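J.: Supplied in structure tokens, the structure appears directly below.
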Amino acid sequence: MTNNELINKYVQLSLQKHNTTIKGYLFTIDPETSQHILINEERSWVVVFPDAIDTIEECLPPKHFTCPFDEEAINFEDLFTSERIQNPEQREETDKSESDQNTNTQKQDQKESLLIQQRKKQITEIAKKFYWPVLENGSGRLCILDTLYISPPYYFENITCLNEMVTMRVTTMFNKAGFSFEK
Numbered sequence: 037m038t039n040n041e042l043i044n045k046y047v048q049l050s051l052q053k054h055n056t057t058i059k060g061y062l063f064t065i066d067p068e069t070s071q072h073i074l075i076n077e078e079r080s081w082v083v084v085f086p087d088a089i090d091t092i093e094e095c096l097p098p099k100h101f102t103c104p105f106d107e108e109a110i111n112f113e114d115l116f117t118s119e120r121i122q123n124p125e126q127r128e129e130t131d132k133s134e135s136d137q138n139t140n141t142q143k144q145d146q147k148e149s150l151l152i153q154q155r156k157k158q159i160t161e162i163a164k165k166f167y168w169p170v171l172e173n174g175s176g177r178l179c180i181l182d183t184l185y186i187s188p189p190y191y192f193e194n195i196t197c198l199n200e201m202v203t204m205r206v207t208t209m210f211n212k213a214g215f216s217f218e219k
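Residues in the sequence shown are numbered consecutively from 37, following this note's numbering.
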């Protein structure tokens with residue numbers, strides 16, 4: 037029996053390199069990567085790379101575990117959080133790739149955060165010239181940007197706000213400070 041003939045059948049995969057066996061219903065075999073995608077008794081997706089498989093054979097399912105493909109819709113989003121069994125070289129490449137991606141994301145987040153902080157400082161300095169008295173005697177002052185919510189990053193050319201009055205006040209503030217919003 038070929039592996040494709042085992043689709044929708046309860047199978048056992050022997051992974052001698054990992055010293056383990058995996059049992060579950062074979063959902064499909066990816067035509068591009070030849071990954072075997074199963075659903076196990078815990079109803080978790082398991083993706084097994086072909087290099088890791090030593091043998092695959094049909095076996096009898098436990099009585100309490102019927103073929104899930106017949107009784108419920110398949111949630112493909114679970115595949116992204118599924119357990120992946122692969123050979124050590126592929127695992128290292130995957131781990132390194134995920135690590136690099138996380139590092140790049142963190143660097144990008146830090147860069148954006150610094151840009152936002154820098155823009156916020158610049159705008160706050162400009163806004164200090166234009167304040168609203170908080171108390172009746174004028175002793176308490178509040179920076180305009182602290183009283184309004186303006187989405188970061190704070191670019192001078194593009195301040196977006198759904199409130200027209202807020203947009204008008206901020207535009208006026210920047211025009212008085214020497215920044216033109218005219219196109």
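We put the CB at the ideal spot given by N, CA and C, even for glycine. As the structure is a prediction and not an experimental result, all values here were calculated from the model.
Going along the chain, which residues of its own chain have a beta-carbon closer than 6 Å to the beta-carbon of PHE112, five neighbours each way excluded?
T.: A caution first: PHE112 carries a pLDDT of 43, below 50, which makes its placement in the model unreliable, though a value can still be read off. Nothing meets the Cβ criterion.
J.: How many Å lie between LEU62 and SER133 at the Cα?
T.: 28 Å
J.: Beta-carbon within less than 8 Å of GLY60's beta-carbon, same chain only, minus the 5 sequence neighbours each way: which residues are those?
T.: TYR46, VAL47, LEU74, ILE75, ASN76, GLU77 and VAL82
J.: In chain order, what residues of the same chain have a beta carbon less than 6 Å from the beta carbon of SER70, not counting five sequence neighbours either side?
T.: PRO86
J.: For the beta strand (DSSP E) that PHE63 lies in, which residues bound it at each end?
T.: 56 to 65
J.: Straight-line CA distance for ALA88 to THR38?
T.: 17 Å
J.: Among LEU150, LEU51, THR64 and ILE58, whose alpha-carbon lies nearest the alpha-carbon of PRO97?
T.: ILE58
J.: Just checking my contact of LEU51 with HIS72 at CB under 8 Å: how many whole Å lie between their CB atoms?
T.: LEU51 to HIS72, Cβ: 11 Å. No contact.
J.: Could you give the distance in angstroms between the alpha-carbon of HIS54 and the alpha-carbon of VAL84?
T.: 12 Å
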